[in-house]
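Numbering (this note's numbering), first residue to last: 7 to 193.
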(Lines of atoms letter the chains of each structure in order from A and count residues from 1; the text may use other names and numbers.)
(Lines give C-alpha, C1' and ligand atoms only; values in the text may rest on other atoms or scores of the structure.)
Protein backbone atom coordinates (compact mmCIF):
# COMPACT_ATOMS: atom_id res chain seq x y z
CA UNK A 1 0.00 0.00 0.00
CA UNK A 2 2.80 2.43 0.78
CA UNK A 3 4.43 1.89 -2.63
CA UNK A 4 1.06 2.32 -4.37
CA UNK A 5 0.56 5.67 -2.61
CA UNK A 6 4.19 6.78 -2.98
CA UNK A 7 4.17 6.36 -6.78
CA UNK A 8 0.50 7.34 -7.20
CA UNK A 9 -0.16 3.99 -8.85
CA UNK A 10 -3.38 3.15 -10.62
CA UNK A 11 -5.10 -0.24 -10.52
CA UNK A 12 -4.80 -2.03 -13.87
CA UNK A 13 -6.42 -5.36 -13.09
CA UNK A 14 -6.81 -8.38 -10.90
CA UNK A 15 -5.79 -11.98 -11.29
CA UNK A 16 -8.29 -14.55 -10.07
CA UNK A 17 -6.50 -17.82 -9.48
CA UNK A 18 -8.47 -21.04 -9.13
CA UNK A 19 -5.97 -22.43 -6.60
CA UNK A 20 -6.63 -19.73 -4.01
CA UNK A 21 -8.48 -20.71 -0.82
CA UNK A 22 -12.26 -20.85 -0.99
CA UNK A 23 -12.71 -17.91 1.35
CA UNK A 24 -14.79 -14.79 1.16
CA UNK A 25 -12.96 -11.79 2.59
CA UNK A 26 -15.20 -9.02 3.92
CA UNK A 27 -13.48 -5.64 4.11
CA UNK A 28 -13.99 -2.93 6.74
CA UNK A 29 -16.84 -1.42 4.69
CA UNK A 30 -18.74 -4.73 4.62
CA UNK A 31 -17.95 -5.60 1.00
CA UNK A 32 -17.12 -9.23 0.32
CA UNK A 33 -14.69 -10.42 -2.33
CA UNK A 34 -12.78 -13.53 -3.22
CA UNK A 35 -8.99 -13.54 -2.86
CA UNK A 36 -7.24 -12.11 -5.93
CA UNK A 37 -3.94 -10.53 -6.85
CA UNK A 38 -4.37 -6.82 -7.48
CA UNK A 39 -2.06 -5.20 -10.03
CA UNK A 40 -1.09 -1.53 -9.77
CA UNK A 41 1.05 0.37 -12.25
CA UNK A 42 2.74 3.73 -12.67
CA UNK A 43 5.28 5.29 -14.98
CA UNK A 44 7.77 7.42 -13.11
CA UNK A 45 11.19 8.79 -14.01
CA UNK A 46 11.12 6.93 -17.32
CA UNK A 47 10.44 3.57 -15.62
CA UNK A 48 7.35 1.37 -15.50
CA UNK A 49 6.64 0.25 -11.94
CA UNK A 50 4.16 -2.47 -11.04
CA UNK A 51 3.02 -3.66 -7.64
CA UNK A 52 1.25 -6.95 -7.08
CA UNK A 53 -0.53 -7.38 -3.79
CA UNK A 54 -2.82 -10.05 -2.41
CA UNK A 55 -4.68 -10.98 0.74
CA UNK A 56 -3.42 -14.55 0.38
CA UNK A 57 -0.54 -15.41 2.68
CA UNK A 58 2.74 -16.54 1.16
CA UNK A 59 2.54 -19.78 3.15
CA UNK A 60 -0.60 -20.70 1.22
CA UNK A 61 1.09 -20.03 -2.12
CA UNK A 62 4.11 -22.06 -0.93
CA UNK A 63 1.76 -24.96 -0.14
CA UNK A 64 0.29 -25.14 -3.67
CA UNK A 65 1.31 -28.03 -5.87
CA UNK A 66 4.17 -27.39 -8.30
CA UNK A 67 1.89 -27.10 -11.33
CA UNK A 68 -0.55 -24.69 -9.66
CA UNK A 69 2.21 -22.54 -8.17
CA UNK A 70 4.09 -22.37 -11.49
CA UNK A 71 0.88 -21.41 -13.34
CA UNK A 72 0.19 -18.69 -10.78
CA UNK A 73 3.71 -17.22 -10.91
CA UNK A 74 3.78 -17.44 -14.72
CA UNK A 75 0.57 -15.41 -14.91
CA UNK A 76 2.08 -12.72 -12.66
CA UNK A 77 5.24 -12.52 -14.77
CA UNK A 78 3.24 -12.44 -18.00
CA UNK A 79 1.18 -9.58 -16.55
CA UNK A 80 4.42 -7.71 -15.83
CA UNK A 81 5.40 -8.01 -19.49
CA UNK A 82 1.97 -6.80 -20.61
CA UNK A 83 2.27 -3.56 -18.62
CA UNK A 84 5.88 -3.02 -19.67
CA UNK A 85 7.67 -3.59 -16.37
CA UNK A 86 11.37 -4.32 -16.78
CA UNK A 87 12.53 -5.43 -13.31
CA UNK A 88 11.09 -7.64 -10.57
CA UNK A 89 11.84 -6.95 -6.93
CA UNK A 90 10.31 -9.19 -4.28
CA UNK A 91 10.50 -8.46 -0.57
CA UNK A 92 10.48 -10.96 2.29
CA UNK A 93 11.24 -10.71 5.99
CA UNK A 94 12.91 -13.18 8.34
CA UNK A 95 13.57 -13.57 12.03
CA UNK A 96 17.14 -12.71 12.89
CA UNK A 97 19.31 -13.33 15.88
CA UNK A 98 22.70 -11.98 16.69
CA UNK A 99 24.34 -8.82 15.46
CA UNK A 100 24.24 -9.48 11.71
CA UNK A 101 21.21 -7.47 10.61
CA UNK A 102 22.13 -7.23 6.95
CA UNK A 103 19.65 -7.87 4.18
CA UNK A 104 20.09 -10.93 1.96
CA UNK A 105 19.78 -10.89 -1.84
CA UNK A 106 18.80 -13.57 -4.32
CA UNK A 107 19.30 -12.65 -8.01
CA UNK A 108 18.41 -14.29 -11.32
CA UNK A 109 21.34 -13.34 -13.57
CA UNK A 110 25.10 -13.24 -13.57
CA UNK A 111 25.02 -9.51 -14.37
CA UNK A 112 22.92 -8.83 -11.27
CA UNK A 113 25.24 -11.00 -9.18
CA UNK A 114 28.20 -8.94 -10.42
CA UNK A 115 26.34 -5.71 -9.69
CA UNK A 116 25.52 -6.63 -6.07
CA UNK A 117 28.36 -8.94 -5.01
CA UNK A 118 30.51 -6.37 -3.21
CA UNK A 119 27.83 -4.26 -1.51
CA UNK A 120 28.25 -3.82 2.22
CA UNK A 121 24.52 -3.39 2.93
CA UNK A 122 23.57 -6.81 1.53
CA UNK A 123 24.75 -10.38 1.58
CA UNK A 124 24.41 -12.07 -1.80
CA UNK A 125 23.13 -15.60 -1.19
CA UNK A 126 25.42 -18.22 -2.75
CA UNK A 127 25.56 -22.01 -2.73
CA UNK A 128 22.18 -22.60 -1.06
CA UNK A 129 18.95 -24.37 -1.93
CA UNK A 130 15.89 -22.24 -1.17
CA UNK A 131 12.17 -23.03 -1.21
CA UNK A 132 9.84 -20.07 -1.31
CA UNK A 133 7.32 -18.83 -3.86
CA UNK A 134 8.93 -15.39 -3.90
CA UNK A 135 12.33 -16.90 -4.63
CA UNK A 136 10.79 -19.10 -7.33
CA UNK A 137 9.21 -16.02 -8.95
CA UNK A 138 12.66 -14.42 -9.12
CA UNK A 139 14.09 -17.51 -10.83
CA UNK A 140 11.13 -17.83 -13.24
CA UNK A 141 11.40 -14.17 -14.28
CA UNK A 142 14.49 -15.13 -16.27
CA UNK A 143 12.26 -16.97 -18.75
CA UNK A 144 10.37 -13.73 -19.44
CA UNK A 145 13.73 -11.95 -19.77
CA UNK A 146 12.99 -9.87 -16.67
CA UNK A 147 15.94 -9.16 -14.37
CA UNK A 148 14.83 -9.93 -10.83
CA UNK A 149 16.00 -10.02 -7.26
CA UNK A 150 14.59 -10.78 -3.87
CA UNK A 151 15.61 -8.81 -0.82
CA UNK A 152 15.16 -10.59 2.50
CA UNK A 153 14.95 -8.01 5.27
CA UNK A 154 15.73 -8.79 8.92
CA UNK A 155 12.60 -7.13 10.33
CA UNK A 156 10.20 -9.89 11.40
CA UNK A 157 10.24 -8.41 14.89
CA UNK A 158 8.87 -4.92 14.37
CA UNK A 159 11.13 -2.90 16.61
CA UNK A 160 11.65 0.65 15.41
CA UNK A 161 15.37 0.16 14.73
CA UNK A 162 14.79 -3.02 12.69
CA UNK A 163 12.04 -1.43 10.61
CA UNK A 164 14.20 1.64 9.99
CA UNK A 165 17.18 -0.54 9.00
CA UNK A 166 14.92 -2.61 6.71
CA UNK A 167 13.59 0.49 4.96
CA UNK A 168 17.12 1.84 4.50
CA UNK A 169 18.10 -1.44 2.85
CA UNK A 170 15.00 -1.35 0.66
CA UNK A 171 15.64 2.24 -0.51
CA UNK A 172 19.26 1.38 -1.26
CA UNK A 173 18.31 -1.70 -3.30
CA UNK A 174 15.66 0.24 -5.25
CA UNK A 175 18.27 2.91 -6.11
CA UNK A 176 20.72 0.22 -7.25
CA UNK A 177 18.00 -1.58 -9.23
CA UNK A 178 16.93 1.62 -11.02
CA UNK A 179 20.54 2.32 -11.96
CA UNK A 180 20.86 -1.27 -13.25
CA UNK A 181 17.71 -0.92 -15.38
CA UNK A 182 19.17 2.17 -17.02
CA UNK A 183 22.34 0.36 -18.09
CA UNK A 184 22.58 -0.98 -21.65
CA UNK A 185 22.59 -4.80 -21.98
CA UNK A 186 21.19 -5.37 -18.50
CA UNK A 187 20.02 -8.95 -19.11
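No residue lacks a Cβ here, since even glycine has one placed at the ideal position from N, Cα and C.
This structure is a prediction, so every number in the text was calculated from the model and none was measured.
- At the C-beta level, residue 179 and residue 155 come within 9 Å of one another.
- Here residue 26 is not near residue 84, since their CB atoms are 9 Å or more apart.
- Taken atom to atom, the span from the alpha-carbon of residue 48 to that of residue 13 is near 7 Å.
- Excluding sequence positions up to five before and after residue 146, its CB lies within less than 8 Å of the CB of 76, 79, 80, 83, all in the same chain and listed in chain order.
- Approximately 6 Å separates the beta-carbon atoms of residue 40 and residue 30; this is inside 8 Å, confirming the contact.
- Between residue 160 and residue 118, the CB-CB gap reaches or exceeds 9 Å.
- In this structure, residue 43 places its C-beta atom within 9 Å of the C-beta atom of residue 23.
- DSSP places residue 70 outside both helix and strand once states are collapsed to three, so it counts as coil.
- If only uninterrupted alpha helix (DSSP H) runs of at least 4 residues are considered, those enclosed by the region 66-154 are 72-88, 116-122, 139-146.
- The C-alpha of residue 61 is placed about 27 Å away from the C-alpha of residue 149.
- Rounded to the nearest whole angstrom, the CA to CA distance from residue 91 to residue 35 is 32 Å.
- For the pair residue 97 and residue 144, the CB atoms are not nearer than the 9 Å cut-off.
- In its chain, beyond the 5 residues on either side, 18, 45, 47, 54, 56 have a beta carbon closer than 8 Å to the beta carbon of residue 89.
- DSSP places residue 24 in no beta strand (DSSP E); its state is neither H nor E.
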